[in-house]
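Heads up: the structure comes next, in structure tokens.
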Amino acid sequence: MDCEGLAKQWLSAAFEAVVPGCGGGKVVPSKDSRFGDWQCNDAMGIAKRAGRNPREVAQAVISALPLPDVLEKAEVAGPGFINLTLSRTALAAGVTALATDGCLGVPQVGAGEKVVIDYSSPNVAKPMHIGHIRSTVIGNAIDRILRALGYEVIADNHLGDWGTQFGILIMGYRHFLSDEERANLTVELLEKVYVRSYNATKEDPAWLDRCREELVRLQAGDAENLAVWKRFIEISLKEFGRIYDRLDVHFDLYRGESFYQPLLGPTVELLKEKGLATQSEGAWIVDMKDEGLEVAIVRKRDGGFNYTTTDIATVRSRVEAFSPARIIYVTDERQQLHFRQFFAICDKLGLCGKTRLQHVWFGLMRLPDATFSTRQGNVIKLETLLDEAAARARTIVDESHPDWPEAERAALAEAIGIGAIKYADLSHDPATMIIFTWDKALALDGNSGPYLQYANARLNSLLDKYRETVGAEPSEQTLSLGSDAEKALALHLLQYPNAVQRAGELCKPSVLADYLYQLSQLYSSFYQSSPVLKAEPAVRDSRIRLCDAVSKVLRGGLTLLGIPTPERI
Ligand code: ARG
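The sequence shown lines up with residues 913 to 1481 when you count with our numbering.
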């Protein structure tokens, strides 16, 4: 067990010995090194409940602690705080064990548990816009973090590939495109003809009728319309795939809304059977007064099903196919009501069994005006945003490395651009709105993706230089912690498993981003105060071992966020 775990165990045992039945105490990292490395604040509460003096209880706990391999010092402070100082030997051993472990100490708390994550889920025949970036980037980071915690993750892209829009789209496709355009179809063209056809439905009732007919034919399985619809999906997936490749995002499944079509009728029937769906003005609705929510429509007046019906059917299908412990949905905040409604309906239907449904929502990402000049209003395509990021990063790369080969500069600019966009998103609590600015996203000296990538690349080159000049492997050196900066860095390294675990539990990659930013700041103060390669050999070797551990954790953490880590910058 790591030394923090040991200290926790000892402290709990000591509390039990002093106040039997009290349930033991917890340790948390100290915010200020004057109060030791870890502290426990539970003596006050426990003493109060037992009608005893808190300082006396704290002192008795300390006397009962088995010392001193791990702890160098244990003291009572103030009204009964217990401050613990770790022995440097134990701390060094903890860091070495963490850096040597393939999982970097991340506990496999999810082993044996299946989780479905539904994220990104764009709509077919519409370009992914910047609204989809957060679902894609946050969802993918949660996906990676949960896998690192040992969960068996099924990443499912719930494409919007079914619905009334396809009648309108088929009409637009047939009437507003040239043969050549149809042969070289793009999502942009599809969107254009969709808008034109949609506008025509507003002006011309006959057009609207024809769109409806095409939809009915599609729904009835008409071969010609099905073939066109499949083409829309194929073209869209090709374009989405290009973006996913750039973002290094991969799904296990692409089960779009259309996959669940056969289940929609039976789902409404089930709702009726259980007396949950009632008819109202020709539509079928579920009353949600008990939940304090608006009624949910599950079958429209025209007989069509909707988003809610599809999501209920999707839960049924996923529970049946995978019996996951949890299904996580990552969408923007505007869909909160929808999720509350259909979660409650699934609950009433008893569909979930052991499966927990969880909506992780995020605030919108806004761009300050004039960030982009776009003729399509303020709908900014995701691809345009990524291109712009790479182009801006390219200017920085060209300035610092005019001599590098073209391909390497292009690859680096892409990695920095993508890193900047992803980190700008992930470093904020998902539940907040973000105002994205290029200066902040691409800053090389602030809390930004490029700053962390740069710290990682500098560590790489330091480690390489050590290998070259000393002719030895950093990871084979012995760590012994000297200065306070070294100790602070080591203590923070030991918090890595905890940061990953909390980020996973809360579904907040920002917890891990904050951790990594702090790590790079502690590293930078260590590096400024403590020469590495120029130090005398014993100190140099120990320090490089510490740098090696920082490098592993930084790279590991960035990878869990999905941020590329170029070797050199
Ligand atoms: N297609 C939807 C959109 O673009 C997101 C779908 C989210 N997933 C779900 N199961 N409802 O807004």
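Each residue gets a CB set at the ideal place from its N, CA and C atoms; glycine is no exception.
Bridge partners - residue i, DSSP secondary structure assignment
i: G1072; result: N1035
i: S1192; result: A1195
i: W950; result: P941, L996
i: I1292; result: I1292 is not bridged to any residue.
i: K1026; result: E1064
i: H1271; result: Y1241
i: E987; result: N995
i: L1165; result: D1068
i: H1250; result: DSSP, once it has assigned bridges, lists no residue as partnering H1250.
i: A959; result: DSSP, once it has assigned bridges, lists no residue as partnering A959.
i: R1211; result: W1196
Near the ligand ARG: residue i beta-carbon under 6 angstroms from a heavy atom
i: G1168; result: no
i: G1075; result: no
i: S1148; result: no
i: T1243; result: yes
i: S1442; result: no
i: D1164; result: no
i: D1068; result: no
i: D1223; result: yes
i: S1033; result: yes
i: G1072; result: yes
i: D1030; result: yes
Alpha-carbon to alpha-carbon, residue j and residue i
i: F1217; j: P1178; result: 11 angstroms
i: L1130; j: K1420; result: 41 angstroms
i: Q1288; j: N1137; result: Annotation note: pLDDT 44 at Q1288 (below 50); position unreliable, coordinate value reported separately. Cα-Cα distance, rounded: 29 angstroms.
i: E1417; j: D1116; result: 53 angstroms
i: G948; j: T997; result: 5 angstroms
i: S1360; j: V930; result: 48 angstroms
i: I1080; j: E1100; result: 16 angstroms
i: T1286; j: G1187; result: Bear in mind that a pLDDT of 39 at T1286, under 50, signals an unreliable position, so the number given afterwards is only what the model happens to contain. Whole-angstrom Cα-Cα distance: 51 angstroms.
i: G1017; j: S1373; result: 25 angstroms
i: E1064; j: A1023; result: 7 angstroms
i: T1283; j: L1405; result: With a pLDDT of 46 at T1283, under the threshold of 50, the modelled position of this residue cannot be trusted; read the value that follows with caution. One C-alpha to the other measures close to 38 angstroms.
i: T1344; j: D1351; result: 20 angstroms
i: T1008; j: P1409; result: 14 angstroms
i: L1003; j: S1441; result: 20 angstroms
i: P1019; j: Y1156; result: 29 angstroms
i: L1165; j: E1380; result: 46 angstroms
i: C1015; j: R1321; result: 32 angstroms
i: L1061; j: L1428; result: 17 angstroms
i: R1370; j: R1480; result: 7 angstroms
i: S945; j: V1049; result: 36 angstroms
i: D1013; j: A986; result: 29 angstroms
i: L1261; j: Q1433; result: 51 angstroms
Cβ-Cβ separation, residue j to residue i (assumed contact under 8 angstroms), whole Å
i: R1000; j: L1393; result: 5 angstroms
i: P1386; j: I1456; result: 4 angstroms
i: L923; j: G933; result: About 16 angstroms separates the two Cβ atoms, so there is no contact after all.
i: L1294; j: H1041; result: 6 angstroms
i: S1312; j: A1425; result: So it is not a contact: roughly 25 angstroms between Cβ atoms.
i: T1222; j: L1176; result: 7 angstroms
i: L1263; j: L1205; result: Contact flag wrong, Cβ pair sits at about 18 angstroms.
i: A976; j: A926; result: 4 angstroms
i: A1067; j: G1474; result: About 12 angstroms; that fails the 8 angstroms criterion.
i: A1302; j: E1326; result: 5 angstroms
Query - Segment contact, 8 angstroms Cβ cut-off, at least three pairs: the stretch 1153-1168 with the stretch 1104-1115 - result: no
Requested in this report: State whether the stretch 1015-1034 contacts the stretch 1230-1246, with contact taken as three or more CB pairs (one from each stretch) at a distance under 8 angstroms.
Outcome: yes
Report task. For the stretch 1164-1175 and the stretch 1210-1230, state whether three or more C-beta atom pairs, one from each stretch, are separated by less than 8 angstroms. Result -> yes
Requested in this report: Would you check if there are 3 or more beta carbon pairs closer than 8 angstroms linking the stretch 1330-1345 to the stretch 1074-1086?
Outcome: no
Query raised in the report: Can you find at least 3 beta carbon pairs, one from the stretch 935-954 and one from the stretch 988-1005, that sit closer than 8 angstroms?
Result: yes
Query raised in the report: When the Cβ atoms of the stretch 1392-1404 are set against those of the stretch 1458-1466, are three or more pairs found closer than 8 angstroms?
Result: yes
Requested in this report: Pair every Cβ in the stretch 1465-1476 with every Cβ in the stretch 1348-1365, then say whether three or more of these pairs are closer than 8 angstroms.
Outcome: yes
Requested in this report: Determine contact between the stretch 1332-1348 and the stretch 1040-1047, defined as no fewer than three beta-carbon pairs at a distance below 8 angstroms.
Outcome: yes
**Report entry** Contact between the stretch 1191-1198 and the stretch 1207-1216 (3+ Cβ pairs under 8 angstroms)
**Finding:** yes
Query raised in the report: Does the stretch 1264-1280 touch the stretch 1119-1133, meaning 3 or more C-beta pairs lie closer than 8 angstroms?
Result: no
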